[in-house]
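Novice: Quick note, the sequences are listed as chains R and C, same order.
Numbering of the first sequence is given in the numbering used here, commencing with residue 1 and proceeding in unit increments.
Numbering of the second sequence is given in the numbering used here, commencing with residue 1001 and proceeding in unit increments.
Glycine is no exception: its CB is placed at the ideal position from the N, C-alpha and C atoms.
Dropping the structure in here first, questions after.
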Amino acid sequence: MSSGSFSVDRELCRGTGLCQAMVPALFGRTDSGYPAADTGELADERSVVLADEVAECCPTGAIEVFRHDPVHE
Amino acid sequence: MTTAQAHAPLFSPEYYRDPYATLGWLREHDPVHEFRFPVGDVRMWIVTRYDDVRALLADPRFSSESGTWANEEFTAAGLTTGAGSILEKAITVVDPPAHTRLRRLAMSAFTPRRVADWRDTVSRTVEATLEQCAARGTFDVMDDYAGVVSSGVMGEILGFRIDRHKELVEALAQAFPSDPALMDQVPAGFGRICSYAADLVADKRRHPGADLTSVLVQAREDEDRLSEDELVAMVAAMILAGSDTIRAFVGNAVLALLDHPDQARLLAADPGLGAGAIEELLRYDGALSAGLFRITTEEVELAGTVLPAGSPVIAALLAANRDPARFTDPDRVDITRPDNRHLGLGHGLHNCLGAALARMEGDIAVGGLFRRFPHLELAMDRDEIGYIENWAMRRIVRLPVRAAAGA
Ligand code: HEM
Ligand code: SF4
């Protein structure tokens, strides 16, 4: 059971390469600068926090992070 | 590097007039070129190919934090940005984790909603300035149009009182002089901007408003907020990064369209082409010739060249954006160019935080000028156009135009 997930809005994304410069393990390392995948699982709490930080630094607001709340599952 | 070369040496007066000949030669023959920087005669490298520039801007081994990583020669020459001032820790010149923290707090103020609200401010400022220019008949795009719009918008967004706008324009002129003889005034200009930022922060703490400064004062992430020094540095960084860049960009864009009248007509006829046109103009002749200095944190091999740890490296955005390996017919302006992922607003961690505002303001200011004056023409000899002698900023000194009334 993962702790969360993220999605990238391709309409908004400008391929700035910021997300993969910050956390390559989550956003992949592509030459183009666009994230490797449109969605991804966040295995643990640490990944959720990291993804959140990236979402807040993204210049276009293209990244959304969803937290799976273990308490209410 | 003693071979006779047909192009001007880097950062010489001829280079500033036409950097593309030199940059094009380097891109083809010496893509990671070692040279001596004119200030302090410092050993440096300049990178000119699109793929290499993008790769280095995305690579954490190229640090923006020259205060921490640069070699002694660089530091001794006084090239560390903001050294000895609060700007030393500004968002532009720190690495993660400090960078992540500052960027989150700053970015939280640049919500799509807030940027959309600024559209009114920009439109009003542009309209009022166009009115003044129309009354003049002949006017200087740099001083009478782009400079008035860019500092007016920044002043209003940050919440400066109108009666201080003029001082801000003067301080900016001092911080980014057009005349090389005034270079010794630059630190004083930066100091003035920091002191305006400090006044503004103090003022907005007491009387918060809807402006960006007030939002930054209140910005918080959980228990984390900007300290007083960080706040002042952030506001100063916005002023420094977000006004003269726009001014320079508008000037370059207007000249590019005067040089390509078919493209200017296309744009004036269809505002729907504005967004694509701005991307193309940012690519064709953007405002920042290069990113701020990057420093290698360890020995790095880039495109076959070995750079020792602590080496200063210049990422030549202008050169990358004209790389024929990436862009078809790169020296032509084509406002409908597809797949235009240029580097004019940077790349990687430090990519332009104000990009949404820059694009919107550029679109309204450049498109607005050509729609208002469809028969705009240059009022000086094309060959006489000069640029400020600054390695990082490409800005025209004077660009007089005639608002030929047309029909
Ligand atoms: C057409 C106008 C503009 C151009 C061409 C431009 C270009 C750039 C470039 C190339 C960078 C990256 C520098 C580097 O990698 O060293 C950058 C960063 C930055 N820009 Fe812009 N910019 C413009 C307008 C603005 C505006 C309007 C603002 C703010 C209101 C702004 C704020 C910033 C900030 C704060 C950074 C540093 C971001 C960071 O370090 O994370 N810029 N800009
Ligand atoms: S940081 Fe945002 S805009 Fe940049 S590549 Fe990632 S998702 Fe796209």
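For chain R, find out if any of its Cβ atoms is closer than 8 Å to the Cβ of C/Ala1407; answer yes or no.
Specialist: Residue mapping note: residue 1407 of chain C aligns to position 407 of the second sequence, counting from 1. With a pLDDT of 40 at C/Ala1407, under the threshold of 50, the modelled position of this residue cannot be trusted; read the value that follows with caution. No, no contact with chain R.
Novice: Residues of chain R with CB closer than 7 Å to the CB of C/His1347, please, in chain order.
Specialist: The residue labelled residue 1347 of chain C in the question sits at position 347 within the second sequence. Chain R residues near C/His1347: Thr16, Gly17 and Gly33.
Novice: Thinking C-alpha only, which one of C/Arg1036, C/Ile1364 and C/Arg1322 is nearest C/Asp1051?
Specialist: As a first step, residue 1051 of chain C is located in the second sequence; it is residue number 51 there, counting from the start. With distances taken between Cα atoms, C/Asp1051 lies closest to C/Arg1322.
Novice: Closest Cβ-Cβ distance between C/Ala1236 and chain R: below 8 Å?
Specialist: Stepping through the second sequence from its first residue, residue 1236 of chain C is reached at position 236. Not closer than 8 Å to any Cβ of chain R, the Cβ of C/Ala1236 fails to qualify, so no.
Novice: By the criterion of Cβ-Cβ separation under 8 Å, what are the contact partners of R/Ala36 in chain C?
Specialist: By one-based count along the first sequence, residue 36 of chain R stands at place 36. None at all; the shortest Cβ gap to chain C is about 13 Å.
Novice: Can you list every residue whose CB sits closer than 6 Å to some heavy atom of the ligand SF4, going in chain order?
Specialist: With the cut-off at 6 Å, the residues found are R/Val8, R/Cys13, R/Arg14, R/Gly15, R/Thr16, R/Gly17, R/Leu18, R/Cys19, R/Gly33, R/Tyr34, R/Pro35, R/Cys58, R/Pro59, R/Thr60, R/Ala62 and R/Ile63.
Novice: Would C/Arg1247 count as contacting chain R if we go by Cβ distances under 8 Å?
Specialist: In the second sequence, the residue the question calls residue 1247 of chain C occupies position 247. Chain R, which has no Cβ nearer than 8 Å to the Cβ of C/Arg1247, makes this no.
Novice: If we call anything under 8 Å between Cβ atoms a contact, is C/Ile1295 one with C/Ser1012?
Specialist: Taking the first residue of the second sequence as position 1, residue 1295 of chain C is located at position 295. Taking the first residue of the second sequence as position 1, residue 1012 of chain C is located at position 12. The answer is no: Cβ separation not under 8 Å.
Novice: Listed from N- to C-terminal order along the chain, which residues in the region 37-65 of chain R have their beta-carbon within a distance smaller than 8 Å of any beta-carbon of chain C?
Specialist: Result list: Glu53, Glu56, Cys57, Cys58, Pro59, Thr60 and Gly61.
Novice: Name the chain R residues whose beta carbon is nearer than 8 Å to that of C/Ala1058?
Specialist: Residue 1058 of chain C sits at position 58 when you count from the first residue of the second sequence. Correct list: Gly17, Gln20, Ala21 and Gly33.
Novice: Check whether the Cβ of C/Thr1121 lies closer than 7 Å to any heavy atom of the ligand HEM, and answer yes or no.
Specialist: Looking up residue 1121 of chain C in the second sequence gives position 121. The answer is no for C/Thr1121.
Novice: Determine which residues of the region 1075-1109 of chain C have a Cβ less than 8 Å from any Cβ of chain R, and write them out in chain order.
Specialist: If the cut-off is 8 Å between Cβ atoms, the region 1075-1109 of chain C has Pro1096, Thr1100, Arg1103, Arg1104, Met1107 and Ser1108 near chain R.
Novice: Cutting at 6 Å between CB atoms, please list the residues of its own chain near R/Glu64, excluding the five before and the five after it.
Specialist: Here residue 64 of chain R is taken as the residue at index 64 of the first sequence, counted from 1. Same-chain partners within the cutoff: Ser7.
Novice: Is any heavy atom of the ligand HEM found at a distance shorter than 7 Å from the C-beta of C/Ser1064?
Specialist: Within the second sequence, the letter at position 64 stands for residue 1064 of chain C. Yes, the Cβ of C/Ser1064 comes within 7 Å of a heavy atom of the ligand HEM.
Novice: Kindly list the residues whose CB is nearer than 7 Å to the CB of C/Ala1355, restricted to its own chain and excluding five residues on each side of it in sequence; keep chain order.
Specialist: The sequence position of residue 1355 of chain C within the second sequence is 355, counting from 1. If we look at C/Ala1355 and ignore the five residues flanking it on each side, its Cβ neighbours are Leu1345.
Novice: Do C/Phe1074 and C/Met1066 have their beta-carbon atoms positioned less than 8 Å apart in this structure?
Specialist: In the second sequence, the residue the question calls residue 1066 of chain C occupies position 66. In the second sequence, the residue the question calls residue 1074 of chain C occupies position 74. Per the sequence shown, the amino acid found at residue 1066 of chain C is Ser instead of Met. It is a contact, given that the beta carbons lie within the stated cut-off.
Novice: Does the beta carbon of C/Met1238 fall short of 7 Å from some heavy atom of the ligand HEM?
Specialist: As a position in the second sequence, residue 1238 of chain C is number 238, starting the count at 1. C/Met1238 Cβ: within cutoff of the ligand HEM.
Novice: Use the C-beta contact count for C/Leu1353: other C-beta atoms within 10 angstroms, 16 or more gives buried, fewer gives exposed.
Specialist: On the second sequence, position 353 is the one that residue 1353 of chain C refers to. When all chains shown are included, C/Leu1353 counts as buried.
Novice: In the DSSP assignment, the beta strand (DSSP E) including C/Leu1345 goes from what residue to what residue?
Specialist: Taking the first residue of the second sequence as 1, we reach residue 1345 of chain C at position 345. Note, C/Leu1345: premise wrong, no beta strand (DSSP E); not H, not E.
Novice: State the Cα-Cα distance for the pair C/Asn1252 and C/Ala1290, rounded to the nearest angstrom.
Specialist: On the second sequence, residue 1252 of chain C is found 252 positions in, with the first residue counted as 1. On the second sequence, residue 1290 of chain C is found 290 positions in, with the first residue counted as 1. C-alpha separation (whole angstroms): 15 Å.
Novice: Please tell me whether, using a cut-off of 7 Å, the distance from the CB of C/His1375 to the nearest non-hydrogen atom of the ligand HEM is below it.
Specialist: By 1-based counting over the second sequence, the position of residue 1375 of chain C is 375. No - the ligand HEM has no heavy atom lying nearer than 7 Å to the Cβ of C/His1375.
Novice: Let me check one thing: in DSSP terms, what residues is C/Leu1378 bridge-paired to?
Specialist: Translated into positions along the second sequence, residue 1378 of chain C becomes position 378. C/Val1401.
Novice: What residues match up with C/Tyr1387 in a beta bridge as DSSP calls it?
Specialist: Here residue 1387 of chain C is taken as the residue at index 387 of the second sequence, counted from 1. Beta-bridge pairing links C/Tyr1387 to C/Ile1396.
Novice: In chain R, what lies closer than 9 Å to C/Arg1054 by C-beta?
Specialist: Within the second sequence, numbered from 1, the residue matching residue 1054 of chain C stands at position 54. Within 9 Å Cβ-Cβ: Gly17, Asp31, Ser32 and Gly33.
Novice: What's the call for R/Thr16, buried or exposed, on a 16-neighbour Cβ count within 10 Å?
Specialist: As a first step, residue 16 of chain R must be located in the first sequence, where it is residue number 16. By the 10 Å Cβ count, R/Thr16 comes out buried.
Novice: Run through chain R and tell me which residues come within less than 9 Å of C/Arg1341, C-beta to C-beta.
Specialist: Translated into positions along the second sequence, residue 1341 of chain C becomes position 341. Neighbours of C/Arg1341 on chain R, chain order: Arg14, Gly15, Ser32, Gly33 and Tyr34.
Novice: Could you tell me which whole alpha helix (DSSP H) segments of length 4 or greater appear in the region 1266-1353 of chain C?
Specialist: Segments of the alpha helix (DSSP H) lying fully in the region 1266-1353 of chain C: 1274-1285 and 1317-1320.
Novice: Quick one: list the residues of chain R neighbouring C/Leu1226, beta-carbon separation under 9 Å, in chain order.
Specialist: To locate residue 1226 of chain C, count along the second sequence from 1; it is residue 226. Here the premise fails: no neighbours, minimum Cβ distance about 14 Å.
Novice: Please confirm whether any heavy atom of the ligand HEM lies closer than 7 Å to the CB of C/Leu1281.
Specialist: Position 281 of the second sequence holds residue 1281 of chain C. No.
Novice: If we ignore side chains and look at the alpha-carbon of each, how far apart do C/Thr1002 and C/Ala1303 end up?
Specialist: Within the second sequence, numbered from 1, the residue matching residue 1002 of chain C stands at position 2. Within the second sequence, numbered from 1, the residue matching residue 1303 of chain C stands at position 303. The pLDDT assigned to C/Thr1002 is 44, lower than 50, so where the model puts this residue is not dependable; a value taken from the coordinates is nonetheless given after this. In a straight line, the C-alpha of C/Thr1002 is about 22 Å away from that of C/Ala1303.
Novice: With distances taken from CA atoms, which of C/Asp1199, C/Ile1162 and C/Ile1157 is nearest C/Val1215?
Specialist: Numbered from its first residue, the second sequence carries residue 1215 of chain C at position 215. It is C/Ile1157 whose Cα lies nearest to the Cα of C/Val1215.
Novice: Does DSSP put R/Asp44 in a helix, a strand or coil?
Specialist: Position 44 of the first sequence, counting from 1, holds the residue named residue 44 of chain R. In this structure, R/Asp44 counts as coil in the three-state DSSP scheme.
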